[in-house]
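Engineer: Per numbering that gives the first Met the number 0, the very first residue in the sequence shown carries number 0; after that it's consecutive. Think of the CB as a built atom: it goes at the ideal place given N, C-alpha and C, for glycine as much as any other residue.
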Amino acid sequence: MESLLDRKAEIFKALSHPVRLAIAEKLADRPRCVQEIAGWFGCTRTNVSKHLGILRQSGIVKDRKEGLKVYYSLNFECLEPFLKCLDGTLREETRNRYERWCCQNGASGRGAESSGKRKWTIQVLGTDCPDCLELENRAEKAALSAGLEFEIIKLGEMEDLLALGTAITPSLALEGEILFEGQVPSVDEIAAVFKKRASGFFGYEGSERKQEKAGDLMEGKMKILFLCTANSCRSQMAEGWARALKADSIEAWSAGTDPGEVNPMAVRVMKEAGVDISGQKSKHVESLMHVPFDVVITLCGDARDTCPVFPGDAKVVHRGFDDPARAEGSEEEILSFFRRVRDEIRDFVETLPASVVDE
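1) First and last residue of the alpha helix (DSSP H) that includes ILE333?
2) Which same chain residues, not among the five before or five after ARG6, have their C-beta less than 7 Å away from its C-beta?
3) For ILE36 and ILE22, which I take to be in contact (beta-carbon distance under 8 Å), what is that distance rounded to the nearest angstrom?
4) If you compare alpha carbons, which of ALA197, ILE296, PRO129 and VAL295 is closest to THR168?
5) Whole angstroms are fine: how far does the CA of VAL294 sit from the CA of SER354?
6) Our contact map puts MET257 next to THR228 with C-beta atoms below 8 Å; I'd like the distance itself, whole angstroms only.
7) Looking only at its chain, what residues have a beta carbon closer than 8 Å to the beta carbon of ALA138, apart from the 5 residues adjacent to it on each side?
8) For VAL290, which option in SER329, LYS194 and VAL266 has the closest C-alpha, if you only look at C-alpha atoms?
9) Taking SER277 and SER253 to be in contact with their CB atoms under 8 Å, please state how far apart those CB atoms are, rounded to whole angstroms.
10) If we ignore side chains and look at the alpha-carbon of each, how far apart do LYS245 and LEU351 end up?
11) With DSSP collapsed to three states, give me the class of MET221.
12) Please give me, in chain order, every unbroken run of the beta strand (DSSP E) with length at least 3 that falls completely inside the region 220-280.
13) GLN279: buried (16+ other C-beta within 10 angstroms of its C-beta) or exposed?
14) Evaluate ASP28 with the Cβ neighbour count: other Cβ atoms within 10 Å of its Cβ, from every protein chain shown; 16 or more gives buried, anything less gives exposed.
15) Are the beta-carbon atoms belonging to THR297 and HIS283 less than 8 Å from one another?
16) Is the separation between the beta-carbon of GLU404 and that of LYS153 shorter than 8 Å?
17) Would you call LYS270 buried or exposed, if buried means 16 or more other Cβ atoms sit within 10 Å of its Cβ?
18) Applying the criterion that 16 or more other CB atoms from any shown protein chain within 10 Å of the CB defines a buried residue, is LEU147 buried or exposed?
19) Return the CA-CA distance between VAL315 and CYS131, expressed in angstroms with no decimal places.
20) Where ASN262 and SER231 are concerned, what is the direct C-alpha to C-alpha distance, given to the nearest angstrom?
21) Compare the Cα-Cα distances from GLY319 to each of ILE333, PHE292 and ALA237 and report the closest residue.
22) Is TYR203 helix, strand or coil by DSSP?
23) Could you check which residue in GLU24, CYS32, LEU287 and HIS50 has the C-alpha nearest to that of CYS84?
24) Suppose only complete runs of 3+ residues qualify. What are the beta strand (DSSP E) ranges in the region 8-89, listed by chain order?
25) Nearest to SER266 by CA position, among GLY239, GLU250 and ALA243, is which residue?
26) When you compare the CB positions of ASN74 and LYS64, do they come within less than 8 Å of one another, or not?
27) Find the nearest neighbour of ASP86 within the set PHE149, LEU20 and ASP247, judged by alpha-carbon distance.
28) As a quick exercise: from THR45, LYS222 and ILE333, pick the residue whose alpha carbon is nearest that of PHE292.
29) Tell me which residue opens and which closes the alpha helix (DSSP H) that ILE189 is part of.
30) When the distance is taken between beta carbons, is GLU133 closer than 8 Å to VAL183?
31) DSSP three-state label for LEU134, please.
32) What separation, rounded to the nearest whole angstrom, lies between the Cα atoms of SER286 and PHE225?
33) Kindly indicate the opening and closing residues of the beta strand (DSSP E) around SER170.
34) May I ask you to report which of helix, strand or coil DSSP gives ARG109?
35) To the nearest angstrom, how far is the alpha carbon of ALA213 from that of ALA313?
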């Protein structure tokens with residue numbers, strides 16, 4: 000009979016692979032399906048399934064089937080605080096090592112000039128793949144566009160990636176802080192985040208800057224995120240209306256705190272109104288954390304209560320609407336409920352962006 004120590008050793012052995020450890024950290028947040036997990040690492044579902052099989056066999060994760068999808072979640076409640084504690088300790092250790100390295104190595108990177116201004120260190124995670132090279136190229140252009148003096152460091156070893164808190168490439172970090180994970184954003188998107196980081200917008204804003212922001216929001220297109228729980232009805236309709244009615248002043252996005260699938264009824268009633276949202280997809284709000292939103296509008300109480308803190312200076316506004324997904328009765332009664340909410344959301348979107356800037 001295996002001893003308690005043998006059982007513990009088995010668990011830590013299962014977690015010893017970087018990919019499996021990264022999966023466990025992601026599952027600490029909420030259950031995930033195989034397709035979503037595979038998307039993080041850019042690998043096949045077969046490869047991810049092998050790692051999940053080892054985690055399941057060791058008892059670290061459990062699974063459940065919903066329709067055609069299999070969802071995985073952590074089986075040990077104590078693992079989440081342990082991983083978070085470990086992550087925080089290692090990040091602090093990494094920051095300290097990084098600061099010592101900066102003190103000992105004054106080497107200039109590309110774009111750095113001796114003008115006395117602060118020099119920013121940009122880390123590109125991943126070295127060989129085409130996407131990694133493209134991300135490096137865009138990061139350099141973005142830094143120049145943002146007016147930064149900078150150096151670019153390319154990291155390819157798994158140990159270096161994990162020290163920054165990810166196993167996913169390509170990714171981009173600034174001063175050791177991950178800004179974009181597993182994606183190659185545009186030069187403009189990267190430059191916008193660089194500018195905000197360099198301007199100190201990642202922390203508390205003074206009252207003077209907050210007053211300036213009200214005027215800034217009206218200049219050019221505003222990036223607005225409509226957020227609800229499932230990203231299936233209300234936020235999808237809001238995104239559709241904003242694209243149809245406010246394309247000249249709003250760049251619209253939608254996401255959910257616990258996304259599902261786009262509700263067919265929402266697609267149907269929006270089509271009745273002449274707006275096609277059949278091509279829109281549900282997505283998790285975490286996948287948009289890199290986007291420099293001007294305003295985040297929560298459309299339900301759950302989203303308001305669980306809305307994450309976005310990097311930068313995004314203004315969060317709440318506008319609650321009834322959830323049509325909970326409508327009951329005959330098909331016509333349910334459709335009537337959807338149409339009412341659809342029209343209420345349209346009326347609200349027509350007031351944008353002025354109504355949220357004035358708050």
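Structural biologist: On the basis of the data shown:
1) Taking the first residue of the sequence shown as 1, we reach residue 333 at position 334. Note, ILE333: alpha helix (DSSP H), 330-348.
2) Within the sequence shown, numbered from 1, the residue matching residue 6 stands at position 7. There are no such residues.
3) Locating residue 36 in the sequence shown gives position 37, where the first residue counts as 1. Locating residue 22 in the sequence shown gives position 23, where the first residue counts as 1. That belief holds up - the Cβ atoms of ILE36 and ILE22 are roughly 6 Å apart, short of 8 Å.
4) Numbered from its first residue, the sequence shown carries residue 168 at position 169. It is PRO129 whose Cα lies nearest to the Cα of THR168.
5) Residue mapping note: residue 354 aligns to position 355 of the sequence shown, counting from 1. Residue mapping note: residue 294 aligns to position 295 of the sequence shown, counting from 1. Their backbone Cα atoms lie some 11 Å apart in a straight line.
6) Against the sequence shown, residue 257 aligns to sequence position 258. Against the sequence shown, residue 228 aligns to sequence position 229. Just to set this straight, residue 257 is Asp in the shown sequence, not Met. Sure, about 5 Å apart at Cβ, within 8 Å.
7) On the sequence shown, position 139 is the one that residue 138 refers to. Within the same chain, ALA138 has close Cβ partners ILE121, VAL123, ILE151, LEU171 and ILE189.
8) The residue you call residue 290 lines up with position 291 of the sequence shown. Of the candidates SER329, LYS194 and VAL266, the one whose C-alpha sits nearest the C-alpha of VAL290 is LYS194.
9) Translated into positions along the sequence shown, residue 277 becomes position 278. Translated into positions along the sequence shown, residue 253 becomes position 254. So it is not a contact: roughly 14 Å between Cβ atoms.
10) In the sequence shown, counting from the first residue as 1, residue 245 sits at position 246. In the sequence shown, counting from the first residue as 1, residue 351 sits at position 352. Distance between the alpha carbons of LYS245 and LEU351: 8 Å.
11) On the sequence shown, position 222 is the one that residue 221 refers to. Looking at MET221 - three-state DSSP - the assignment turns out to be strand.
12) 221-227 and 249-255
13) Counted from its first residue, the sequence shown places residue 279 at position 280. The residue in question, GLN279, is buried, as its Cβ has 16 or more Cβ neighbours within 10 Å.
14) By 1-based counting over the sequence shown, the position of residue 28 is 29. It counts as exposed.
15) Stepping through the sequence shown from its first residue, residue 297 is reached at position 298. Stepping through the sequence shown from its first residue, residue 283 is reached at position 284. Cβ distance not < 8 Å, so THR297 and HIS283 don't count as in contact.
16) This structure does not reach residue 404, given that the chain is present from 0 up to 358, and the question cannot be answered.
17) Along the sequence shown, one-based indexing puts residue 270 at 271. By the neighbour-count rule (16 or more Cβ atoms within 10 Å), LYS270 is not buried but exposed.
18) As a working note, residue 147 is residue 148 in the sequence shown. With 16 or more other Cβ atoms within 10 Å, it is buried.
19) For the purposes of this step, residue 315 is taken as the residue at position 316 of the sequence shown. For the purposes of this step, residue 131 is taken as the residue at position 132 of the sequence shown. Approximately 33 Å between the Cα atoms of the pair.
20) Numbered from 1 along the sequence shown, position 263 holds the residue referred to as residue 262. Numbered from 1 along the sequence shown, position 232 holds the residue referred to as residue 231. Approximately 5 Å between the Cα atoms of the pair.
21) Residue 319 sits at position 320 when you count from the first residue of the sequence shown. Closest option to GLY319, Cα to Cα, is ALA237.
22) The count along the sequence shown starts at 1 and reaches residue 203 at position 204. Note that TYR203 scores a pLDDT of 33, beneath 50, so its modelled location is shaky; the value from the coordinates is reported in the next line. The answer is coil: DSSP assigns TYR203 none of H, G, I, E or B.
23) The residue you call residue 84 lines up with position 85 of the sequence shown. Answer by Cα proximity: GLU24.
24) DSSP assignment within the region 8-89 yields the following whole beta strand (DSSP E) runs of 3 residues or more, N-terminal first: 60-65 and 68-73.
25) Locating residue 266 in the sequence shown gives position 267, where the first residue counts as 1. Per the sequence shown, residue 266 should be read as Val rather than Ser. Ranking the options by Cα distance to VAL266, first place goes to GLY239.
26) Stepping through the sequence shown from its first residue, residue 74 is reached at position 75. Stepping through the sequence shown from its first residue, residue 64 is reached at position 65. No, the pair does not count as a contact, with Cβ atoms beyond the cut-off.
27) Within the sequence shown, residue 86 is the residue found at index 87, counting from 1. Closest option to ASP86, Cα to Cα, is LEU20.
28) The count along the sequence shown starts at 1 and reaches residue 292 at position 293. Cα-wise, what sits closest to PHE292 is LYS222.
29) Residue numbering aside, residue 189 sits at position 190 when the sequence shown is read from its first letter. ILE189 -> alpha helix (DSSP H) spans 186-197.
30) As a position in the sequence shown, residue 183 is number 184, starting the count at 1. As a position in the sequence shown, residue 133 is number 134, starting the count at 1. Yes, the Cβ-Cβ distance between VAL183 and GLU133 is below 8 Å.
31) Residue 134 sits at position 135 when you count from the first residue of the sequence shown. The answer is helix: DSSP assigns LEU134 an H, G or I state.
32) Reading the sequence shown from its first residue, position 287 is the one you call residue 286. Reading the sequence shown from its first residue, position 226 is the one you call residue 225. C-alpha separation (whole angstroms): 14 Å.
33) As a position in the sequence shown, residue 170 is number 171, starting the count at 1. Looking at the DSSP string, the run of the beta strand (DSSP E) that includes SER170 is 170-173.
34) Sequence index remark: in the sequence shown, residue 109 carries index 110 (1-based). With a pLDDT of only 41 at ARG109, under the threshold of 50, the placement of this residue in the model should not be trusted, and no figure is reported.
35) Along the sequence shown, one-based indexing puts residue 213 at 214. Along the sequence shown, one-based indexing puts residue 313 at 314. Unreliable positioning characterises ALA213 in this predicted model, as indicated by a pLDDT of 42, which lies under 50. The coordinate reading is nonetheless provided below. Taking the straight line joining both Cα atoms gives about 11 Å.
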